[in-house]
Every structure is written in C-alpha cells, then in structure tokens.
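In this note's numbering, the protein residues as written are 398 to 1523.
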C-alpha cells in the first residue's frame, strides 16, 4: 500500500516562504543566505547550506564513502545561482537528500530531475543543464546514497522513496524553496529524466498528475520488476567467459556486422544505423562455422546463444515477461549483459527489495521468481498504469523518447506501454497526440551515445552547445508545447564528428513520432534531414472496441503491442514491421494497402447497409435480418460509408449485424450429448484478410446505382468482407478446442500479412501467379520462402520423427512436385499457403507450450512419475522426442513458445497450468465474394475455401438435386491416403474393440495438440478444398463435429436442414436429432450457413423425402426403451 506523506513540514515551508520578504532580483546573495536562516529549524526539513555560486565555478561534489560509486565528482556551474542543499525526513526510518539550484536568470519555470538504475545519486549534470536554460531545478538522491541497492534491505520505507516518494517530496519542497527565493510562484513545472528517471516521470503522471505540466521521459524503465528479471536472464544464456556458449566482444562485433548486412538497407540506405529495428528479423545461421577449425565465425553453441539473446523473455505458462533485446545493441550489451557476470542491478533488487535475502545468487533466477517479483511489485514500482486521464485532464503533456540502439532497456518495451495507453484510454494516436507523443531515436544508445543523431537536448550528455531551438531540444520542445500549444511532429537530432562539437556536425536527422517511422528517399544525401520522410509503421488510429482482460498486467503483451515471434528460430517479429515492408514495396503503386489496425480485425458481426425502411418491422421477406439486434455502424473506415452512398438508390443505413443473432442467415446448434462435459467449440465472424474470390468478368460487373438490397459493406481493407466459420472437436479436455476457437483466426490474419497475401480482386493480385513481381510477398519472395522453410525446420528440430522429412503440400518452397504440377494459383502468398502456415504455426505453438509444462500426473507416484517422457509422451525413439528425454519436458524446447499478437489477444498463456495431453480436430470454412453483395444473395457468386484437420466435417447442399457435396474427408487410419502417409513412421496400427483402426491410441491421424503422438505423424497440416459457388448453386453449407457426422449420413444431414425454416432452427434440429438417435451420444455441434439457393433448398431431388422414412424409423427406435436393449 502506498504510504501517505508527512505534510507538516510542507506547511512550515510555506510559512517560512512568506516571511522572507526580500527583493532577490537586486540582492540574490542575501536572498540565498536568508533561506538558511528561515528554514534551518523547520521540522523534517534541514537546510544543510544555502550559498550563492557565480557562473563558471567548478564545484567539487562532496563525496562520502557511500557516494563514491556515483559519477560526476565535479560540476561547472553555468549561470549565477543559489545552491541549496537539504535533508528531508520522509518517515521515521527514511530520508532523502536533495539540492535546489536557483538561477538568477529565472524564467518562472520549475524543473525536477530524475535518477538512474537503482542508484541514489543526484543528477548534477542535468540540474546544471536546466539552470542554464533558466529553470529553477531540483534533484534528490532517491532515498539512499550510491549505486548499490543494499539500503533496501529490510527497510520498505527506503523502497518507497525509491519507487515514488523521493521525486514527489523533492517537488513539493523544491517548489516552496523556489517560491521563497523568488518571492512568487513558478508559472509552469517540468520534469526531465531518463532510464529510472524516465520511469519516475511516468510515475508522477500516473500517481501525482498535479506535480508537472510537462514531462520529458527517456528510455523509461517501465514494467520495472520484469525489466530487472530480464536483465538477469542473459547470464544463463551466455554462460561465463569460459563457457562454450559465451561470445567475446569481438564475436559480437561479427554479429553486428552481420545484422547490418542483413537489415541495414531495409530503411532505404546502408548507413550503419538500423532506423527501425522492428524491420530486422535477424538470422544468425550465416555466421555458423563450416568446420571446427574455422575462424571469423561462430560455433553452433554460439549461434544458439545469439538466437536466444534476441528472443523475448517468457515465463510461467508462456506469459511474456519482457520483450526482446532489439538488434543494433550488440556492440555495447557485451559489456553490460553478455560479459559472463551477474548484472548488479538485478542482484540488488532481488536480494534487498524482493526477497530480503542477502545470500541470493544470480544463477538462482527462475521464471517463477520473476513472476513472484512482478506479483510483489513494491509500491507499484512497475509503473504500468495505462490510464493517464487525470494528467491529461489538467492539461499535462508528455514527450517520451527511446534510443533504438539501447543496450540496457529494450526499445521494444516503450511501444508496448504506448499501445497499452492506447488500449486503456480507448484513444488512437491522433487523439493521444493531444497530450502524449513518443519518439524513437535511431542509433541512440541508453539515454545518450551511439552511431545515430542522438543529441536532442535531453540532458547534460545530450546538450553540447545547447540551443533554445525547440526543434533541436526536447526540453525546450516540451516548453513550447505546454506554453504555446505547438506539439512536436519530429525531433531533430544531431551527430557531431566523433561526438565532439568542436569538430562540427556530421549529420542531422528528424526523428518522427510513433507509430510513424523514417524511410530514406534520397540515399546519396542520407546525411541531410530532407533525405528522409515519414511513413506509417503501424496504424493505431482507431480506438479499440474494448480493452483486454489483462490490460493492467505488464507481464502480458497486449493485443495492440503487436510483438510476435518469427518462425526464424523464435526471433521477435513485429506486425508493424511487416506492414511497413508491404508499404516499402509499393511506394510506386497508387493502390493503397490496408493498415495493420484495419487488417487485424476479426469481428463476430458483419457490416451491411439496408434500406432505412427495413429497420422498421419486417415488410420485405428478402432481408430477414435481426433488426432487434442490429445497430448503426460507426466503424473507423470511411470506405463502407462511401460505398453505401448511392444517390440514385433509396436511402440506406449501415448497420452491424451480430452473426450469431442473424437466425435467417446463420445458426449454431450445440449439445453435450450424454457426455459430462462439452469439449466442442465453434467460431463465426468476419476475418480481415484480402479477398480470394474469383474475379467476376468485366461484362458482369455491376454499374453504379445497381446495388442490391441488404448489400454488405466492404471491409476495412477495401475488399468485401470475408466470412469465417469453424467447428473444433476437442478430446481429452477443452484446452485445445478453446485455443482454436479463440486464436486460430488470428493466426490466419497474421499469416496473410506475413506472406503479403493480396486481394484476388485488385490489379497486381498475387492470386494469379503470373502477376507476381520479382519481389513476391510481404518481405520479398525469398523471405516468403524462408517463412515456410523455417516453420518446417522448427517442426523438425522440436519434434523430429515424421517431421524430419515433412513437406507440406501447399508449401511450394519445400514441396518437390514429382507428379502433377501444383495449381497455377499456388504460390508463396496464396491463400492455401497462408492457411497451411497458420494451421501448422498454431499447432506448433500449442504443442510447444504443452511440452514446457509439468505433467498433470502426481510426481509422488513412483509408478507413474510426472514428466517422464516415455510414460507421458511415448516416443518411439527416445533420442528424437523433444531432444532430451532425460530432462523434464518443461526444459526440452530449444525455443520458447511463439506468441503472436492479433485479434483477439494471442499473447495470453496457451492452455492451463499443466501439460495438456489431448487435442482437437478442426474444420474451417471461409467465404469470399467478388463484390460487396453478400454470399447469401441469390444473384451473388462466391468462393468457399475449406481447411480441415481430423473428422469434423463440411458439407454443401446442391440446389439442383438436393444432394450433399462433401468438402472434407475423415483423417482416419483406414483412409488410403493417410495410411500411405503414416505407415512408414508408425510402429503399428491397432484395431480397437469397435473394429476401428487407431494410431498411437488416436482415431484421427491429423489433429491439433496430442503432443505425445506428434512424432509418428499426427499433424495439423490441413486438407484444403477451394470451391467456386455460382449464384444460387448451393442452398447452404453445414459444418459439424463427429457427434453428428458419425451418427447420420450426409443425405440425412442435409435433409433435416431442408425441413427447417431458418438456419438457426436447422442447426438446433440437426443436433437434437443426432443426440436423440445416437446410442451413446457424443458432443454434437453444427453450424448452418445460408447460401444463395436457400429459398430453393427443397426443390431439387424431391426435397427431404428421400430419407424421411429412415429418419422416422430411427427416431421411433430411439424413443422405444425396448429397442435400446436389443
């Protein structure tokens, strides 16, 4: 609990201030001396000295023994000022020491400085810098002296000072001292700090919004406990300097050169600076030595170290502890984190603040301890509150910056917090710009230094030849913003030759505000600011519809953070970067690309526009939309509104229709049967991927003014909405089926973006292989191939067995076509490739997450020990399954669970707290139309693509003859294709007591999960079928679990649906009938989706009469108890 401050001395300070009564403008020395006399006896505040110091004085800072670790033993005073040193008691067992420097050139502004690391060192350099610009400046020692955190030991009051109280107390005392000296109030209050000082600035905005009008916060140490754990987790990765895994600084220099070789040009010029590390998906394999006696390269163990260093840090159940170390930091980090020694700040924080255990050693850092530290969170030091509305409401402004070559605090963490604020406050950047702007400084190290234009007036180190020009000085920029309302669009940084101002300027660069990023448009003149222009690296200009359940948890990467793991050896990947790669490759084209906020938008409703009259009680049977559930749509896209405007047609209104309530268009039936629990799940909505429908001939394209009633609006990307339906049949529990329900569509969305899947309806589409340019997909054709190869390699390395020779059918980069050639439309960005990647990636993530957990079995049971790989995973070859069978499964993975972020939140832990041995089948149908006329309209053609794993099922009902058209086949051991695929890997197929063949105890040869059977080929590689549906060619499509398809014939299924009035009634009738006639009813789930021929569903083939007699007989038998006994 946060402690309340002792306010007695503040009242006494105010009283003393009123009693000075001196004209200090004419008598500054006397006014300074009077402070000592006035405040010397004040309770809780002792003025140690107050002395007037002329400009140019080189002060020697008194160094007590416990201050020897502080840097800055001397400080040149830039202007005439009054220096006041104070001792302030904050509790009976804690205190701060602070100084106030009060310049004679005072501008009426007050400023507080911050601190760094875990230290208790006053920032004299920043205080002096601020006074040179006319600020009355203060700084404090954070409640203890020196850089050690030993003072935290068994003294929570000192921890409170460090967490929040030192700065807040210093501000209150400092403002009163300022008032006393100048005999008037300050008119504006500011803050300047970096690192821990950056965190302190945000802490003030979050908890004490009245303290400052403007805050400059650099490289803030937000999520502080997790940062401390992350800082310590590198030692087990690199090992000591004698370990085979350790890299020397020279080795890291090789890595740096390789990173530049792979990534430097992605910003448009090769200048030795990564303008945006989010665009760098570094692959260290190119440095691996070909032989043991090679030089100038890395061993396989060292390559693995590099991979792990650039991975995010994941904890219990796969939850994110802290994002990755960004590429570009590797020249400095070897001297801080990769030196084979414990990181002292981590050791001090864990020993003295979290555990109160002076014997704790760095090699005892575990993810469980990291979770504990985050839970303890002393005095909310995490500083992760995303609600800045109190600070906003009083007119406060925040200017945040972070160097993109920071080797101490990952520059990936600042966008996480910014996006957390976006999510929490429900404000897009266009609105957040009113009070909070964030700038990424390319090539800047931790707070200062580096190869980039890093000098931006951010403090003593960043302000040589300090200028008052706000464009070059962030401190004066915040003043300009607060006092004149001119918010910064860019901040210009300067790089001096050899970082020496006397040698002149090397180059300057305008650093843009997030989420924009810089792109070089004139490589020959890259050192000039005008050679660069800004473009969106991510589009957050849309307030999220709702915050996630984990919005206040710094351990969880939020939906908006967009950090996920590339399949390239588990490296971090940013959707922001992926989108920008698309934009980079399309600067020369006029056709706009969809933004990430637009593309990552799965919804459980669809958007349509209807005649306004149709929102009243139903007068036209052609619509039959749920008016009672519909609502006017006010989404972020203006495309839909533009599309709806049609002056020649009757007035229309755009509405959002919840799919699950549109009973005339969609129905879901669910029953647990006779089982105690329902393990089936389903999903229905619209998914933001490019259209894949077959383009209509030009002669059939509609002319303006010919819109049809009930026409669907376009999606955010400009294409007609793509509808997504899925049925997931879990076994062994619901963990896997719920994972697929909640996240599989997000994997599809992300895969479409990663591969650069383009619309089949727009010119230059990748749907036609002949139209692909030489660059291909999202990051070029070569990288699209790498995505496929890396995912296959991950399966091979993680599981082995069957996956050692795994070549997915729809991965052209790895598939060798010895027989028929692949379809013309199959390429590295085809919808088939995207779906295959999404399914396999989701399965790998789920499988990997389970393998890292402890078994559900009781470890005390010696006959069935927990995590025994033979008993729990049943590998055929002990040396293949997850690498090290002798180790618990939770330690087996080379890489941590990959954690994409999409819609919805893919960052949450996968599954429960213990290993889930079960799995799930899946059948997914996506429907795309060539125009915005919805697929259920009788005149609308469409394309349906089915992706299927296991024995769930998808059927079409043909309008002309009423016959079922199966789009899936069961993946069972007795299927010839599956038998041929698996017999070379499986030891045996066994036949159970029902006469059914099984593999590894499973009835399905393909499924998600089932970690114990992965090696023998139980894969989630989908069977994919693409069907072009003519206008009214089919009446409906039905998706179902095997609780229905194993009980009823295909014809019985479609006939039951034909007899219902609505899809909603049909789904209910179908599940009810299947459960009723089954002898031992399994879980049953059915989704019925209306197509263009729905009104004619009973016309062909005699309607439903063909199976009616058979169904009546089965129902009669089910109702007869005697029949059950036979």
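Ideal Cβ placement from N, Cα and C applies to all residues, glycine included.
Element boundaries [beta strand (DSSP E), containing residue i]
i: residue 649; result: Note, residue 649: premise wrong, no beta strand (DSSP E); alpha helix (DSSP H) at 646-660.
i: residue 1133; result: Where residue 1133 is concerned, there is no enclosing beta strand (DSSP E), although the alpha helix (DSSP H) it sits in stretches over 1132-1151.
i: residue 507; result: 506-510
i: residue 797; result: 794-800
i: residue 457; result: 455-457
i: residue 1065; result: 1063-1068
i: residue 1360; result: Note, residue 1360: premise wrong, no beta strand (DSSP E); not H, not E.
i: residue 585; result: 585-591
DSSP state of residue i mapped onto helix, strand, coil
i: residue 969; result: Confidence in residue 969 is poor, its pLDDT being 31 and thus under 50, which makes the residue's placement unreliable; the coordinate value appears in the next sentence. The answer is strand: DSSP assigns residue 969 an E or B state.
i: residue 930; result: strand
i: residue 923; result: coil
i: residue 475; result: coil
i: residue 395; result: Only positions 398 to 1523 of the chain appear in this structure, which leaves residue 395 out of reach.
i: residue 1462; result: helix
i: residue 1377; result: helix
i: residue 1126; result: strand
i: residue 1406; result: strand
i: residue 1238; result: helix
i: residue 1332; result: coil
i: residue 550; result: coil
i: residue 1004; result: strand
i: residue 1187; result: helix
i: residue 1444; result: coil
i: residue 634; result: helix
i: residue 617; result: coil
i: residue 885; result: coil
i: residue 1529; result: Residue 1529 falls outside the range modelled here, since the chain spans only 398 to 1523, and no answer is possible.
i: residue 629; result: helix
i: residue 1055; result: strand
Sheet register partners of residue i (DSSP bridge)
i: residue 1425; result: 1340
i: residue 1502; result: Note: residue 1502 sits in no beta bridge, so no partner.
i: residue 904; result: 892
i: residue 1121; result: 1082 and 1323
i: residue 483; result: 444 and 495
i: residue 1437; result: 1350 and 1483
i: residue 1345; result: 1320 and 1420
i: residue 537; result: 495
i: residue 1200; result: Bridge partners of residue 1200: none, in fact.
i: residue 449; result: 479
i: residue 517; result: 543
Rounded distance between the beta-carbons of residue j and residue i, thought under 8 Å
i: residue 655; j: residue 683; result: 6 Å
i: residue 1315; j: residue 1133; result: 6 Å
i: residue 693; j: residue 644; result: Between residue 644 and residue 693 the Cβ distance is about 13 Å, and since that is not below 8 Å, they are no contact.
i: residue 796; j: residue 885; result: 7 Å
i: residue 1460; j: residue 1128; result: Actually they are not in contact, since the Cβ atoms of residue 1460 and residue 1128 sit about 27 Å apart, beyond 8 Å.
i: residue 1490; j: residue 1424; result: Residue 1490 to residue 1424, Cβ: 14 Å. No contact.
i: residue 626; j: residue 759; result: Rounded, the Cβ-Cβ distance is 11 Å, inconsistent with contact.
i: residue 1143; j: residue 1181; result: Not confirmed; about 20 Å, so no contact.
i: residue 835; j: residue 815; result: 5 Å
i: residue 849; j: residue 839; result: 5 Å
Span of the alpha helix (DSSP H) around residue i
i: residue 565; result: 563-579
i: residue 527; result: 521-529
i: residue 1155; result: Looking at the DSSP string, residue 1155 is not in any alpha helix (DSSP H), and its letter there is neither H nor E.
i: residue 1211; result: Looking at the DSSP string, residue 1211 is not in any alpha helix (DSSP H), and its letter there is neither H nor E.
i: residue 786; result: 786-790
Contact test: residue i Cβ vs the ligand FMN heavy atom, cutoff 8 Å
i: residue 1074; result: Among the components of this structure there are no ligands whatsoever, and the ligand FMN is therefore not found.
Residue ranges of each beta strand (DSSP E) within the stretch 651-734, 3 or longer: 717-719
Contiguous alpha helix (DSSP H) assignments of at least 4 residues, all confined to the stretch 804-880: 810-822 and 826-829
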